[in-house]
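Engineer: The structure under discussion is supplied below as structure tokens; questions concerning it will follow.
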Amino acid sequence: MPLLPSTAAAAAAALPRLRLRLPLPPRHCPQPLAPLRRAPHHSSPHPRLLPLAAALPPPPPEELPPSQATGLVAASQANFMRVIVDAAAPGLEHHRGSDLLCVVRALLKKIRRRVLVGDRVLVGAVDWADRRGMIEDVFERRSEVADPPVANVDRLVVLFSLDQPRPEPATLTRFLVEAESTGIPFVLVFNKAELVDEQTITYWRDRLKSWGYDPLFLSVDQQSGFSALEEMLEGQTTVVVGPSGVGKSSLINALRHNQNISEEDPIHKLLEQNSKWFGEQRVGTVSKKSGKGKHTTRHVSLLPVAGGGFLADTPGFNQPSLLKVTKQSLAETFPEIRKMLKENEPSKCLFNDCVHLGEHGCVVKGDWERYPYYLQMLDEIKIRETIQLRTFGTKREGDVRYKTGIMGVKQAEPRLELKKHRRVSRKKINQSILDEIEDDIDDLEDDYWFDAKRHSRR
Ligand code: GDP
Ligand code: ZN
1 MPLLPSTAAA
11 AAAALPRLRL
21 RLPLPPRHCP
31 QPLAPLRRAP
41 HHSSPHPRLL
51 PLAAALPPPP
61 PEELPPSQAT
71 GLVAASQANF
81 MRVIVDAAAP
91 GLEHHRGSDL
101 LCVVRALLKK
111 IRRRVLVGDR
121 VLVGAVDWAD
131 RRGMIEDVFE
141 RRSEVADPPV
151 ANVDRLVVLF
161 SLDQPRPEPA
171 TLTRFLVEAE
181 STGIPFVLVF
191 NKAELVDEQT
201 ITYWRDRLKS
211 WGYDPLFLSV
221 DQQSGFSALE
231 EMLEGQTTVV
241 VGPSGVGKSS
251 LINALRHNQN
261 ISEEDPIHKL
271 LEQNSKWFGE
281 QRVGTVSKKS
291 GKGKHTTRHV
301 SLLPVAGGGF
311 LADTPGFNQP
321 SLLKVTKQSL
331 AETFPEIRKM
341 LKENEPSKCL
351 FNDCVHLGEH
361 GCVVKGDWER
371 YPYYLQMLDE
381 IKIRETIQLR
391 TFGTKREGDV
401 RYKTGIMGVK
411 QAEPRLELKK
421 HRRVSRKKIN
431 QSILDEIEDD
441 IDDLEDDYWF
451 DAKRHSRR
């Protein structure tokens, strides 16, 4: 019998004690998870879909055996996750709010159930004395952000600055479109308000209003204008996104300092306390196949904020990929178009799949400020989709390049050297969260077969 590598062995050893939740028919599944699209890999011409099993809601605490608990993944580092317990079996309620250092059950990786910071999870094989456990299942997920990888995000803060750097309408639009495409509610915030005069603030307020947004203005430096934002963050899990230099890290630090939260994430302390176990559980840090270090996933933590909410300590999408935006869905990410379509109800564009280029029978007019950006992004997406279809039989990003055209508007055009480009864009896509899953699985499989072979040779 081939021997299993240590994580798989630990999972296998834990099996009889688990209530195996995954194969059970869901009691009810109010929000089935949309399958995650996975980046193409190796020679596969089509993207495979992640076969996420239907996720269940958490069980009532009285159904939990003493060896299990439910909780929130508050931080991840390498193979380890810090879980804050929110429910435990009767008699163990005093553990609520305490931390468990957990590994993820190998089976979850096998079936491609990725555990993210922000997930609510079922922890099994809990050692209450040493505060350790194993994540056995992930409960239903309301939303997820890929960059940084955080689940159950309630709100995005799209941060720009009024000066140093100044807001750039094209970049602003790109971030807004990306934020709209996540479906997660967001607030647009302008930082560095102390660097500009009142007129400039009024100018941007009015301009953004005409786009359909109602931004907040604040200064992290002066600690002014925070209260409206803090109110919004109450009880929410928030991710701050925006271009570099606008003050995202400063804002995150200011919000955490306001709460007097220790600099040290408890995961470090937990890892230290459990260093012996940590050593045992480690399944090799370098992939045998690629020789690359694995588990290079950025360390992400959720910081508690006032009112019971959380703030991701790592800012997100520095470079909006627009990967989730299709040529059909782009229009929905512009409030101006949504408004025009609504105002014209019940009449609609003549064609159902109208992309609003001002054709005959289109109710979307072209007399609004951001129309050129809409057209430019539509171009980019169309080219991407065409090339993806032609090259890979599917749609993926990275197959266009940009030329600065009239009025400084960037024009998208297809890349010519497809074969060469293919490698480049793969590398780019490799950074995506979905490839990380694949790497993890590949590595796990490598480890498994490597160990199995080694042991069978003995
Ligand atoms: P990030 O790249 O978006 O994370 O931006 P950082 O938080 O690193 O900030 C970039 C620069 O802007 C730093 O030099 C900060 O000190 C500065 N900065 C942040 N907030 C403010 C502010 O409210 N006013 C001014 N004048 N500078 C700020
Ligand atoms: Zn139309």
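Residue numbers for the sequence shown follow the UniProt record's numbering, beginning at 1 and rising by one. The C-beta atom is built at its ideal place from N, Cα and C for all residues, glycine as well. Just so we're clear, the structure is a prediction, and the values are computed from it rather than from any experiment.
Would you give the residue range spanned by the alpha helix (DSSP H) that Asp127 belongs to?
Structural biologist: The residue given as residue 127 occupies position 127 in the sequence shown. Note, Asp127: premise wrong, no alpha helix (DSSP H); beta strand (DSSP E) at 120-127.
Engineer: Beta-carbon within less than 6 Å of Asp147's beta-carbon, same chain only, minus the 5 sequence neighbours each way: which residues are those?
Structural biologist: Here residue 147 is taken as the residue at index 147 of the sequence shown, counted from 1. These residues qualify, in order along the chain: Gly316, Phe317.
Engineer: Using the Cβ count rule (16 or more neighbours within 10 Å means buried), how would you classify Lys339?
Structural biologist: Within the sequence shown, the letter at position 339 stands for residue 339. Classification of Lys339: exposed, given that the 10 Å Cβ count is below 16.
Engineer: Helix, strand or coil for Gln77 per DSSP?
Structural biologist: Locating residue 77 in the sequence shown gives position 77, where the first residue counts as 1. In this structure, Gln77 counts as strand in the three-state DSSP scheme.
Engineer: Could you tell me whether the Cβ atoms of Ala170 and Leu156 are closer together than 8 Å?
Structural biologist: As a working note, residue 170 is residue 170 in the sequence shown. As a working note, residue 156 is residue 156 in the sequence shown. Cβ distance not < 8 Å, so Ala170 and Leu156 don't count as in contact.
Engineer: Whole angstroms are fine: how far does the CA of Phe392 sit from the CA of Ser161?
Structural biologist: Here residue 161 refers to the residue found at position 161 of the sequence shown. Here residue 392 refers to the residue found at position 392 of the sequence shown. When rounded, the distance between both Cα atoms is 39 Å.
Engineer: When we look at the beta-carbon of Asn352 and count the other beta-carbons within 10 Å, is it buried (16 or more) or exposed?
Structural biologist: Position 352 of the sequence shown, counted from the first residue, corresponds to residue 352. Result: exposed.
Engineer: Which complete beta strand (DSSP E) runs does the segment 297-324 hold, if anything under 3 residues is left out?
Structural biologist: The qualifying runs are 300-305, 309-312.
Engineer: Kindly indicate which three-state DSSP category Leu101 falls into: helix, strand or coil?
Structural biologist: Working through the sequence shown from its first residue, we reach residue 101 at position 101. In the structure shown, Leu101 sits in a strand (DSSP, three-state: E or B).
Engineer: Are the beta-carbon atoms belonging to Leu251 and Asn191 less than 8 Å from one another?
Structural biologist: Position 251 of the sequence shown holds residue 251. Position 191 of the sequence shown holds residue 191. Closer than 8 Å, so yes.
Engineer: Mapping DSSP to helix, strand and coil, what is Ala193?
Structural biologist: Counting from 1 along the sequence shown, the entry for residue 193 is found at position 193. It is helical.
Engineer: At which residues does the alpha helix (DSSP H) containing Asp379 begin and terminate?
Structural biologist: Locating residue 379 in the sequence shown gives position 379, where the first residue counts as 1. Run containing Asp379: 371-392, per the alpha helix (DSSP H) assignment.
Engineer: Can you give me the C-alpha to C-alpha distance between Glu445 and Ala106, rounded to a whole angstrom?
Structural biologist: Working through the sequence shown from its first residue, we reach residue 445 at position 445. Working through the sequence shown from its first residue, we reach residue 106 at position 106. Residue placement at Glu445 is poorly supported in this model, since its pLDDT is 42, which falls under 50; the coordinates are not used for a value here.
Engineer: Between the Cα of Ala69 and the Cα atoms of Ala75, Asp127, Tyr203, which residue gives the shortest distance?
Structural biologist: In the sequence shown, the residue the question calls residue 69 occupies position 69. It is Asp127 whose Cα lies nearest to the Cα of Ala69.
Engineer: Determine the DSSP secondary structure at Phe175, reduced to helix, strand or coil.
Structural biologist: One-based indexing of the sequence shown puts residue 175 at position 175. In this structure, Phe175 counts as helix in the three-state DSSP scheme.
Engineer: For Trp368 and Gln376, I'd like the C-alpha separation in whole angstroms.
Structural biologist: Along the sequence shown, read from residue 1 onward, the residue named residue 368 stands at position 368. Along the sequence shown, read from residue 1 onward, the residue named residue 376 stands at position 376. Their Cα atoms are separated by approximately 14 Å.
Engineer: Indicate the three-state DSSP secondary structure (helix, strand or coil) for Lys419 in the structure shown.
Structural biologist: Locating residue 419 in the sequence shown gives position 419, where the first residue counts as 1. Residue placement at Lys419 cannot be trusted, given a pLDDT of 43 that sits under 50; what the coordinates show is reported in the next sentence. If DSSP states are grouped into helix, strand and coil, Lys419 belongs with the helices.
Engineer: CB Val83 to CB Val121, shorter than 8 Å?
Structural biologist: As a position in the sequence shown, residue 83 is number 83, starting the count at 1. As a position in the sequence shown, residue 121 is number 121, starting the count at 1. Contact: yes.
Engineer: Note the first and the last residue of the continuous beta strand (DSSP E) segment covering Ser161.
Structural biologist: Counting from one through the sequence shown, the residue named residue 161 turns up at place 161. Taken as a continuous stretch (DSSP letters only), the beta strand (DSSP E) holding Ser161 covers 155-161.
Engineer: With a cut-off of 8 Å, do at least 3 Cβ pairs link the segment 207-227 to the segment 353-367?
Structural biologist: These segments do not touch.
Engineer: Per DSSP, which residues does Ser238 bridge with? Please list them.
Structural biologist: Within the sequence shown, the letter at position 238 stands for residue 238. Here residue 238 is Thr; the residue named in the question, Ser, does not match the sequence. Bridge partners of Thr238: Arg155, Leu311.
Engineer: Would Gly309 be called buried (16 or more neighbouring beta carbons within 10 Å of its own) or exposed?
Structural biologist: The residue labelled residue 309 in the question sits at position 309 within the sequence shown. Its Cβ being crowded by 16 or more others within 10 Å, Gly309 is buried.
Engineer: Looking at Ala74 and Val233, is the spacing between their C-beta atoms short of 8 Å?
Structural biologist: If you number the sequence shown from 1, residue 233 lands on position 233. If you number the sequence shown from 1, residue 74 lands on position 74. The question names Val, but residue 233 in the sequence shown is Leu. Cβ atoms of Leu233 and Ala74: not closer than 8 Å.
Engineer: Looking at ligand 1, does it come within less than 7 Å of Lys192, judged from the CB to the closest heavy atom?
Structural biologist: In the sequence shown, counting from the first residue as 1, residue 192 sits at position 192. Lys192: yes, Cβ under 7 Å from ligand 1.
Engineer: Buried or exposed for Lys327, please, with buried defined as at least 16 other CB atoms from any protein chain shown within 10 angstroms of its CB.
Structural biologist: If you number the sequence shown from 1, residue 327 lands on position 327. Lys327 is buried by the Cβ-count criterion.
Engineer: Could you please give the first and the last residue of the uninterrupted beta strand (DSSP E) stretch that includes Ile135?
Structural biologist: Sequence index remark: in the sequence shown, residue 135 carries index 135 (1-based). 132-138 is the span of the beta strand (DSSP E), which, as asked, contains Ile135.
Engineer: Quick check on the contact list: which residues have their beta carbon closer than 5 Å to a heavy atom of ligand 2?
Structural biologist: Residues with a Cβ closer than 5 Å to any heavy atom of ligand 2, in chain order: Cys349, Cys354, His356, Cys362, Val364.
Engineer: If you measure between the beta carbons of Glu136 and Pro57, is that distance less than 8 Å?
Structural biologist: As a working note, residue 136 is residue 136 in the sequence shown. As a working note, residue 57 is residue 57 in the sequence shown. No, the pair does not count as a contact, with Cβ atoms beyond the cut-off.
Engineer: Are there any heavy atoms of ligand 1 lying less than 7 Å away from the beta-carbon of Pro60, as far as the coordinates show?
Structural biologist: Position 60 of the sequence shown, counted from the start, is the residue given in the question as residue 60. Every heavy atom of ligand 1 is 7 Å or more from the Cβ of Pro60, so no.
Engineer: Between the C-alpha atoms of Thr173 and Met81, what's the straight-line distance to the nearest angstrom?
Structural biologist: Counting from one through the sequence shown, the residue named residue 173 turns up at place 173. Counting from one through the sequence shown, the residue named residue 81 turns up at place 81. C-alpha separation (whole angstroms): 35 Å.
Engineer: Assuming Pro66 and Ala89 form a contact by the criterion Cβ under 8 Å, report the distance between their Cβ atoms to the nearest whole angstrom.
Structural biologist: Position 66 of the sequence shown, counted from the start, is the residue given in the question as residue 66. Position 89 of the sequence shown, counted from the start, is the residue given in the question as residue 89. Sure, about 5 Å apart at Cβ, within 8 Å.
Engineer: Assign Gly71 to buried or exposed, taking buried as 16 or more other Cβ atoms, counted over all protein chains shown, within 10 Å of its Cβ.
Structural biologist: If you number the sequence shown from 1, residue 71 lands on position 71. When all chains shown are included, Gly71 counts as buried.
Engineer: Cβ atoms of Lys248 and Leu311: under 8 Å apart, would you say?
Structural biologist: As a working mapping, residue 311 is identified with position 311 in the sequence shown. As a working mapping, residue 248 is identified with position 248 in the sequence shown. No. Outside cutoff.
Engineer: Would you tell me roughly how many angstroms separate the C-alpha atoms of Leu322 and Val177, rounded to the nearest one?
Structural biologist: Walking along the sequence shown from the start, residue 322 turns up at place 322. Walking along the sequence shown from the start, residue 177 turns up at place 177. Those two C-alpha atoms are separated by around 8 Å.
Engineer: In whole angstroms, give me the CA-to-CA distance for Ser224 and Leu218.
Structural biologist: Position 224 of the sequence shown holds residue 224. Position 218 of the sequence shown holds residue 218. Computed Cα separation, rounded: 6 Å.
Engineer: Arg82 by DSSP, collapsed to three states: which one?
Structural biologist: On the sequence shown, residue 82 is found 82 positions in, with the first residue counted as 1. In this structure, Arg82 counts as strand in the three-state DSSP scheme.
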